[in-house]
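In terms of the working numbering, the sequence shown opens at residue 132 and continues consecutively.
Even glycine gets a Cβ: it sits at the ideal position worked out from N, Cα and C.
The block underneath contains the structure these notes are about, expressed in C-alpha cells.
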Amino acid sequence: MNLNKLVQASIFAALAIGAGFSLLMIPNVELITVIIFTAGLYLGAGWGFIVGGTAEMVFSGMNPLGSGLSFPPLFFAQIIGMAGVGFAGGVLRKVFMLKEYSLNKVIAVGITGLILTFIFDSLTTLSYPVSAGFDFSRTVGLYISGVGFTLLHQIANGFIFAIGVPRITKFLVK
C-alpha cells in the first residue's frame with residue numbers, strides 16, 4: 132500500500148466530511164460530491180471508491196440532522212452512491228484531469244456532475260420503497276414525488292462541478 136496515497140485519500144475524505152457539515156443547513160447545496168469526484172480524478176478509481184465510501188459513511192452516520200444509521204437501506208445506498216462517484220472520477224481521469232478546460236469540457240464536467248448526482252439521488256430515493264416492499268406503481272409514485280427536491284440538487288451540482296472541477300484540477304495536474 133502506498134502511504135502517500137493513503138494520506139492523500141484521508142485528506143480528501145476529511146475535506147469532504149468537513150465541507151458536508153459546513154453546508155448542512157443549506158438544502159440541496161453540498162460540496163461532498165465534487166470533492167469525492169476530484170479525489171477519484173487525482174488518486175484513481177480504487178482510491179476514489181474508498182474515499183467516497185468512507186467519507187459518506189462518516190458524514191451520513193454522524194449527521195446531526197438525522198443519521199443514516201437509523202435506516203440501514205438508505206445508509207448503504209448513500210455509501211454505494213458516493214463510492215460510485217469517486218470511482219467515476221477515476222474512470223474519467225483521462226477526460227477531466229486537465230490543466231486547461233475548453234468550454235465544451237466545462238459543459239461536459241457539469242453534465243457529469245448532474246448525472247452522478249441523479250444516480251445518487253435515485254439510489255437514495257428508491258432505498259425506502261424498495262426495502263419496504265412497495266409494488267412498482269407505489270415505488271414510481273414515491274420516486275416522482277421527490278423529483279422537485281432532487282432536481283434542484285442535481286442542477287446545483289451540475290453548476291458546482293462546472294465551476295469547481297476546472298479550478299481545482301489545474302492545481303492538481305502534474
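Quick one: what's got a C-beta closer than 6 Å to alanine 147's C-beta in the same chain, skipping five residues either side? Ile163, Ile166, Ile167 and Ala186
With 16 other CB atoms within 10 Å as the buried threshold, where does isoleucine 210 fall? buried
Could you compute how far the alpha carbon of arginine 269 sits from the alpha carbon of proline 260? 8 Å
Express the C-alpha separation of valine 216 and glycine 171 in angstroms, rounding to a whole number. Using only the alpha carbons, I get a separation of about 8 Å.
Among residues of its own chain, excluding the 5 on either side of isoleucine 242, which ones have a beta-carbon nearer than 7 Å to its beta-carbon? Gly289
Quick check: the stretch 191-211 against the stretch 270-290, are at least 3 beta-carbon pairs closer than 8 Å? no
So does the stretch 137-154 actually touch the stretch 176-195, counting three or more Cβ pairs closer than 8 Å? yes
Determine the direct distance from the alpha carbon of phenylalanine 292 to that of arginine 298, and round the result to whole angstroms. 10 Å
Close beta carbons around glutamine 285, own chain, < 7 Å, minus the five adjacent residues each side: Leu245, Thr248, Phe249 and Asp252
Between alanine 214 and the rest of its own chain, which residues show a CB-CB distance below 6 Å, the 5 nearest in sequence each way excluded? Phe180, Gly183 and Gly184
In or out: serine 276 buried (at least 16 other Cβ within 10 Å) or exposed? exposed
Shortest alpha-carbon distance to alanine 208 belongs to which of Met156, Gly220, Met188 and Leu283? Distances from the alpha-carbon of alanine 208 to those of Met156, Gly220, Met188 and Leu283 put Met188 closest.
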